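Shown next, in structure tokens, is the structure this report addresses.
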Amino acid sequence: TFDLRFDPSLPLIETDEAKVHQILSNLVENALKYSPPDTRVTIRGARMGDGVVVSVEDEGRGIPEEAQDRIFERFYQVDSSATRSVGGTGLGLYICRKLADALGGRLWLERSGPEGTVFRLWVPSAPAEGEDAAAPEPAKPAELSR
């Protein structure tokens, strides 16, 4: 089940649609792959600073705390029999992070635990100009409406 919740006042953004599509497709695919059957995946969109943040939330088993700092590394896979059973190369989140960086955006793990995992992608409303332009730090959960 998909639950889509987007703020109707979101601005249009100037970005590479193919890169955003690839990032979100990978996050949603992972949410479905690592969650129980008939799970709910919630996708939220909200304004954040000079851009838009999209969250992908699942109801899966979560990512072990000891693995959370490494999930964006190339070829890294969480070492568990449950993870190995669904396959993968360990490149998906690495590529997603690189694509987000190329957009002048940011991709991060907001939280993960037995209640599920939340990834957030922030994309600027317009391409960054100059080297001083930077993506915001991750928001505190209270800063984003549920």
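Numbering (the working numbering), first residue to last: -10 to 135. Glycine included, every Cβ here is placed at the ideal spot set by N, Cα and C. Nothing here was measured: the structure is a model prediction, and the numbers come from that model.
{"Check": "Which runs of the beta strand (DSSP E) at least 3 residues long sit entirely within the segment 21 to 58? Give them in chain order.", "Outcome": "30 to 37, 40 to 46"}
{"Check": "According to DSSP, is Asp90 helix, strand or coil?", "Outcome": "helix"}
{"Check": "Leaving aside the five residues before and after Ile2 along the sequence, list all residues of the same chain whose C-beta is less than 8 Å from its C-beta, in chain order.", "Outcome": "Gly40, Val41, Val112, Pro113, Ser114, Ala115"}
{"Check": "By the 10 Å Cβ neighbour count, where 16 or more other Cβ atoms means buried, how is Phe(-5) classified, buried or exposed?", "Outcome": "exposed"}
{"Check": "Let's test the definition: count the other Cβ atoms within 10 Å of the Cβ of Gly38 and tell me whether it reaches 16, buried, or not, exposed.", "Outcome": "exposed"}
{"Check": "Going straight from the alpha carbon of Arg73 to that of Tyr23, what length do you get?", "Outcome": "For Arg73, the pLDDT reaches just 49, beneath the cut-off of 50, and the residue's location in the model is therefore unreliable, although a value from the coordinates is still provided. For Arg73 and Tyr23, the distance between alpha carbons rounds to 11 Å."}
{"Check": "Could you tell me whether the Cβ atoms of Ser(-2) and Arg36 are closer together than 9 Å?", "Outcome": "yes"}
{"Check": "Just curious, the beta strand (DSSP E) that Arg95 is in, first and last residue?", "Outcome": "95 to 102"}
{"Check": "Determine the direct distance from the alpha carbon of Asp5 to that of Leu92, and round the result to whole angstroms.", "Outcome": "7 Å"}
{"Check": "Which of the three DSSP states is assigned to Gly79 in this structure?", "Outcome": "coil"}
{"Check": "Using 10 angstroms around the beta-carbon of Ala89, count the other beta-carbons present and answer buried if the total reaches 16, otherwise exposed.", "Outcome": "buried"}
{"Check": "What did DSSP end up calling Val67 once you bin it into helix, strand or coil?", "Outcome": "coil"}
{"Check": "Can you list, in chain order, the residues of its chain with a C-beta nearer than 6 Å to that of Val9? Leave out the 5 residues immediately preceding and following it.", "Outcome": "none"}
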